[in-house]
Structures are given as structure tokens and as C-alpha cells.
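Novice: Have a look at this one.
There are 2 protein chains.
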Amino acid sequence: MSGSLQPLRRGRRSGGEDSRELILGTARRLFAEHGFDGTSLRQVAREAQVDPAMVHHFFKGKDELFALSVELPADPEQVLAGVETLDPGERAEAIIRAVLRLWEGPAQHGLVAFVRGTIGSTAKTALLREMVARTILSRVMAGVPGPAGEVRMRGDLVASQMVGLMLVRYVVRLDPLASATQDEVVRMVAPNVQRYLTGELDNP
Amino acid sequence: MSGSLQPLRRGRRSGGEDSRELILGTARRLFAEHGFDGTSLRQVAREAQVDPAMVHHFFKGKDELFALSVELPADPEQVLAGVETLDPGERAEAIIRAVLRLWEGPAQHGLVAFVRGTIGSTAKTALLREMVARTILSRVMAGVPGPAGEVRMRGDLVASQMVGLMLVRYVVRLDPLASATQDEVVRMVAPNVQRYLTGELDNP
Chain L
1 MSGSLQPLRR
11 GRRSGGEDSR
21 ELILGTARRL
31 FAEHGFDGTS
41 LRQVAREAQV
51 DPAMVHHFFK
61 GKDELFALSV
71 ELPADPEQVL
81 AGVETLDPGE
91 RAEAIIRAVL
101 RLWEGPAQHG
111 LVAFVRGTIG
121 STAKTALLRE
131 MVARTILSRV
141 MAGVPGPAGE
151 VRMRGDLVAS
161 QMVGLMLVRY
171 VVRLDPLASA
181 TQDEVVRMVA
191 PNVQRYLTGE
201 LDNP
Chain E
205 MSGSLQPLRR
215 GRRSGGEDSR
225 ELILGTARRL
235 FAEHGFDGTS
245 LRQVAREAQV
255 DPAMVHHFFK
265 GKDELFALSV
275 ELPADPEQVL
285 AGVETLDPGE
295 RAEAIIRAVL
305 RLWEGPAQHG
315 LVAFVRGTIG
325 STAKTALLRE
335 MVARTILSRV
345 MAGVPGPAGE
355 VRMRGDLVAS
365 QMVGLMLVRY
375 VVRLDPLASA
385 TQDEVVRMVA
395 PNVQRYLTGE
405 LDNP
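Listed in order, the protein sequences are those of chains L and E. Take the first sequence: its position 122, counting from 1, is numbered 122 in the numbering used here, and each next residue is one higher. With positions in the second sequence counted from 1, the corresponding number in the numbering used here is that position plus 204.
Here it is in C-alpha cells:
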């Protein structure tokens with residue numbers, strides 16, 4: 001699967017490049033300020049002072065515009081392909097393997113730069129929050145049983161472990177965790193992720 | 205305990221301010237390049253082109269110089285006071301409570317700025333790695349039984365969960381985890397941290 005992890009395309013059009021970048025920059029600001037749901041393509045066009053048709057000319061829709069605004073160096077849909085169809089009770093290992101494959105594939109440098117840039121900036125952190133909740137957790141938590149609020153909490157807990165794992169292993173590079181094999185990481189971390197996904201949360 | 209969480213003092217001396225800042229800047233660079241153990245006060249003085257006595261005049265020793273280089277907005281010794289004396293088999297809750305108290309006390313804004321600045325910069329990330337391993341994990345993992353390599357791995361795993369928790373709750377602010385009470389967070393997260401500290405790691 002790691003062969004399919006291509007960075008999202010960024011179009012290069014000599015003519016429309018300026019308008020495209022203007023739209024992207026405007027979208028980035030609006031998504032950061034108002035979130036995904038609070039931002040419409042119409043608004044983006046208005047704030048960028050371009051015709052709405054031009055937004056549709058450059059971007060397939062709000063999802064693509066959002067993904068490009070965040071400048072995520074990988075496509076969550078590809079990375080997490082198959083995860084949402086697995087039994088939630090046995091999904092932790094697949095989530096961890098998908099993340100490890102991604103970070104140990106060609107996107108690694110882009111991801112480190114993405115994390116550094118995103119966490120280093122307040123506006124980008126807001127984008128990241130939107131992206132994690134909408135694009136990643138919606139897939140990771142699909143079909144997990146329980147009341148919606150509880151499932152969202154479980155998703156945040158899974159995120160807390162996975163974000164920490166990526167940071168400590170690939171960005172801060174604490175050893176020996178940074179040099180453990182993928183299988184070792186899965187054995188050590190999967191039971192914890194699985195507890196957040198479907199385990200008993202309230203009774204230690 | 206949160207009343208005792210004072211930011212580390214930064215001296216302001218009109219006369220020696222320049223020399224002090226010069227020494228700090230040099231130390232920051234050397235610690236990032238060569239780590240704590242690979243950096244001596246003598247080297248710092250040489251590279252800063254000041255007399256070694258001046259380094260000792262401004263800083264109590266290498267530990268203080270390092271702590272000030274990292275610009276950590278809280279003192280790990282105070283934050284984790286008492287944790288290392290607890291039975292490792294029942295230490296997770298105390299670790300989590302110490303971290304939550306810290307981040308929900310007066311140091312919060314400084315900590316967010318610290319995390320943003322540190323993760324945003326390659327050199328600062330190297331400093332962070334040194335600091336986490338030396339100053340924090342040494343305390344958190346004190347007395348945890350097992351071979352040294354395994355205990356270090358357990359420490360990195362604890363760090364992965366705690367770093368992720370801080371980022372998701374306080375920096376990225378994913379809800380509902382960002383608005384859960386401290387008691388809720390402890391109930392949800394402590395069993396996972398405790399497994400990393402002293403639980404079975406290899407058999408899920």
C-alpha cells in the first residue's frame with residue numbers, strides 16, 4: 001500500500017496560478033477562522049474577489065479545497081483505506097500499521113515539515129483540528145458502537161495516542177521507541193489504542 | 205501544588221545582560237547539536253569567547269544552563285515532585301494529574317508557546333529530546349523494575365501518550381477531550397499509561 005501514498009497534487013498553471021493561489025490563501029484563512037462547516041465556497045469566492053465559477057474551475061469541491069488548504073502531504077482516504085471496514089473490535093493494529101507505513105514511506109519528510117509547520121502556527125492548528133476530526137477520525141471511528149458523544153471522546157483518545165506516537169517516534173525521535181520495528185510498536189501500542197476504540201473507559 | 209509552579213527565573217542584569225544572553229545562545233546551539241552529555245561548560249565558554257568563570261557567575265551549573273537554554277516555562281522537578289517516590293505500579297494517575305495541573309495552571313500560555321516554538325524548530329526539537337529524556341523521564345521512570353533498555357522503551361511509550369494528550373487537549377484542542385474534566389481524563393487515560401509503566405507489553 002505504501003506505493004500508493006502520493007502527495008496531493010498541486011496544480012501549476014502559468015495563467016491561473018495567481019488566482020488559484022489567491023483562492024487557496026483565502027480558503028486557508030477562512031477554514032482556520034470559521035472551520036470547515038462554517039466556510040462556504042461562495043464565501044471563499046467573495047473574500048477572494050473572484051467569480052464562484054473560478055473556484056469550481058480550480059477545485060473539485062469544498063473537500064478538495066480544504067485538503068489543499070491544509071497542505072497535508074498525504075491523502076487520508078488512501079492511507080486509511082480499508083480501516084473503516086474492519087471490525088472496530090480488531091481495528092487498532094490496522095490503524096497503527098497504516099500510520100507507521102505512511103511515516104516510513106516517501107511522505108516522511110513532508111509529514112515532519114507539515115507537523116512542524118502546523119503545530120508552530122495558531123491558524124494552522126485550527127485547520128489541523130478540523131482536518132483530524134473530519135477527514136481522519138470520521139474514518140477511524142466509523143462503525144464504533146456507542147452514543148455519539150462517547151464515540152467522539154474515544155476518537156480524541158485514539159488521536160492523542162497516535163499523535164503522540166508520531167511525534168515521539170518521528171519528530172522528537174526519542175530512542176529506543178524511534179528505532180523499534182513496526183511489529184514491536186504494534187505489539188506495544190495496539191492494546192492501548194484498542195482500549196480507546198472499544199474497551200471499558202471508565203473502570204481502570 | 206499548582207501554586208508552586210513558577211516559571212523559571214530569567215535574570216535581568218543591565219551590565220552582564222549581553223554576556224549572559226551570549227552564553228545562553230551558545231549553550232542552546234551546542235546542546236541542540238551535541239546533546240547534554242556532549243556539551244561542557246568549558247566548551248560553551250570557549251565558543252562564546254568568554255572566561256569560564258563568567259559562565260559560572262551567571263549559571264549555577266550545567267543543569268541550570270540547560271534548563272534555561274530549553275526555556276521550559278515550568279520546573280519539571282516541582283511539577284513531578286513526589287511522583288518518583290510512588291510505587292511504579294500505581295504511578296500513572298499521579299503523572300497525569302501533575303501534567304493536567306501544570307497545563308491548567310498559570311503556565312498554560314507559556315507551555316503552548318513552548319510546544320509551538322519547540323516543535324516548529326529542528327534545533328529546538330533536539331533540545332526537547334534531551335530535556336524529556338534527562339529531566340522528565342528520569343523522574344517518571346525512577347524505580348520502574350526491568351532491564352534498562354525495556355525501562356527506557358516504557359518511558360518513551362509513556363511520553364508518547366502524555367505528549368499526545370497535551371497536544372490534543374491543550375494545543376490542537378480536539379473536543380470533547382479538550383473539555384473533559386481532570387477526573388474524566390484520569391479515568392480514561394491512566395490505565396493506558398499504567399500499562400506502559402509496568403504492564404505486559406508484548407502480549408496484547
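Cβ atoms here follow ideal geometry from the backbone N, Cα and C, with glycine treated the same way.
1. Could you have a look at R208 (chain L) and say whether DSSP puts it in helix, strand or coil?
2. Can you round the beta-carbon distance between V172 (chain L) and R333 (chain E) to whole angstroms, since I take them to be within the 8 Å contact cut?
3. Quick one: what's got a C-beta closer than 6 Å to S2 (chain L)'s C-beta in the same chain, skipping five residues either side?
4. Excluding the five sequence neighbours on either side, which residues of its own chain have a C-beta within less than 8 Å of the C-beta of G286 (chain E), listed in chain order?
5. Compute the distance between the beta-carbons of G347 (chain E) and E388 (chain E), then report whether it is under 8 Å.
6. In three-state terms, what does DSSP make of S223 (chain E)?
7. Short of 7 Å in beta carbon distance, which residues of its chain neighbour R139 (chain L), apart from the five on each side in sequence? Order them along the chain.
8. Would you mind sorting P351 (chain E) into buried or exposed? The rule is 16 or more other CB atoms within 10 Å of its CB.
9. For V362 (chain E) and K266 (chain E), I'd like the C-alpha separation in whole angstroms.
10. Check for me: the alpha helix (DSSP H) holding Y196 (chain L) runs from which residue to which?
11. Looking only at its own chain, which residues have a Cβ that is under 8 Å from the Cβ of H261 (chain E), when we skip the five neighbours before and after it?
12. From V367 (chain E) to A32 (chain L), what does the alpha carbon distance come to, in whole angstroms?
13. Assuming contact is defined by CB atoms lying nearer than 8 Å, are V259 (chain E) and L245 (chain E) in contact in what I supplied?
14. Go ahead and pull the three-state DSSP assignment for L201 (chain L).
15. Hey, would you say P88 (chain L) sits closer than 8 Å to P145 (chain L), going by beta carbons?
16. Excluding sequence positions up to five away, which residues of its chain have a Cβ less than 8 Å from the Cβ of A394 (chain E)?
17. Compare the beta carbon distance of S179 (chain L) and Q365 (chain E) with 8 Å and say whether it is the shorter of the two.
18. Which runs of the alpha helix (DSSP H), 4 residues or longer, sit entirely within the segment 240-271 of chain E?
19. With burial defined as no fewer than 16 other Cβ atoms inside 10 Å of the residue's Cβ, what is the status of G38 (chain L): buried or exposed?
20. Just tell me which of E:W307, E:L315, E:M392 and E:L405 has its CA closest to the CA of E354 (chain E).
21. Quick one: what's got a C-beta closer than 6 Å to V70 (chain L)'s C-beta in the same chain, skipping five residues either side?
22. So with CB distances below 7 Å, who are the chain E contacts of D202 (chain L)?
23. Looking only at its chain, what residues have a beta carbon closer than 8 Å to the beta carbon of F114 (chain L), apart from the 5 residues adjacent to it on each side?
24. Below 6 Å CB to CB, which residues in the same chain sit around S400 (chain E) once its five sequence neighbours on both sides are set aside?
25. In chain order, what residues of the segment 329-349 of chain E put their CB closer than 7 Å to some CB of chain L?
26. For T230 (chain E), count neighbouring C-beta atoms within 10 Å of its own C-beta (all shown protein chains included) and say buried if the count is 16 or more, exposed if not.
27. What is the DSSP secondary structure of S179 (chain L), reduced to helix, strand or coil?
28. Counting along the chain, where does the alpha helix (DSSP H) carrying S364 (chain E) start and finish?
29. Just the chain E side, please: which residues come within less than 8 Å of G120 (chain L) by C-beta, in chain order?
30. Would you decide whether R152 (chain L) is buried or exposed? Buried here means 16 or more other CB atoms lie within 10 Å of its CB.
31. With DSSP run on the structure shown, which of helix, strand or coil describes M335 (chain E)?
32. Is V376 (chain E) close to chain L? Criterion is C-beta to C-beta, closer than 8 Å.
33. Would you say Q312 (chain E) and Y374 (chain E) are within 8 Å of each other, going by their C-beta atoms?
34. Where does the unbroken alpha helix (DSSP H) through G117 (chain L) begin, and where does it stop?
35. Pull up the distance between the alpha-carbon of L111 (chain L) and that of R224 (chain E), whole angstroms please.
36. What's the call for Q194 (chain L), buried or exposed, on a 16-neighbour Cβ count within 10 Å?
Specialist: In terms of the structure at hand:
1. Chain L is shown only over 1 to 204; residue 208 (chain L) falls outside these bounds and no answer can be derived.
2. 5 Å
3. At S2 (chain L) the pLDDT is 39, less than 50, meaning the model places this residue with poor confidence; the figure from the coordinates comes in the next sentence. The answer, listed in chain order, is R101 and G105.
4. Closer than 8 Å at Cβ, skipping near neighbours: A298.
5. no
6. S223 (chain E): helix per DSSP, three-state reduction.
7. P76, L80, V83 and E84
8. exposed
9. The alpha-carbon atoms of V362 (chain E) and K266 (chain E) are separated by roughly 26 Å.
10. Element bounds for Y196 (chain L): Q182 to T198.
11. G220
12. Rounded to whole angstroms, V367 (chain E) to A32 (chain L) spans 23 Å at the Cα level.
13. yes
14. coil
15. yes
16. A296, E297 and I300
17. no
18. 245-252 and 256-262
19. exposed
20. E:L405
21. L127 and M131
22. R391
23. E71, L72 and P73
24. Sequence check: residue 400 (chain E) is Tyr here, not Ser. Taken in chain order, the residues that qualify are R358, L361 and V362.
25. Result list: T329, L332, R333, V336 and A337.
26. T230 (chain E) is buried by the Cβ-count criterion.
27. helix
28. A352 to M370
29. R320, G321, I323, G324 and S325
30. buried
31. helix
32. For V376 (chain E), the closest Cβ of chain L is nearer than 8 Å.
33. yes
34. Q108 to I119
35. 37 Å
36. Around the beta carbon of Q194 (chain L), 16 or more other beta carbons sit within 10 angstroms, so the residue counts as buried.
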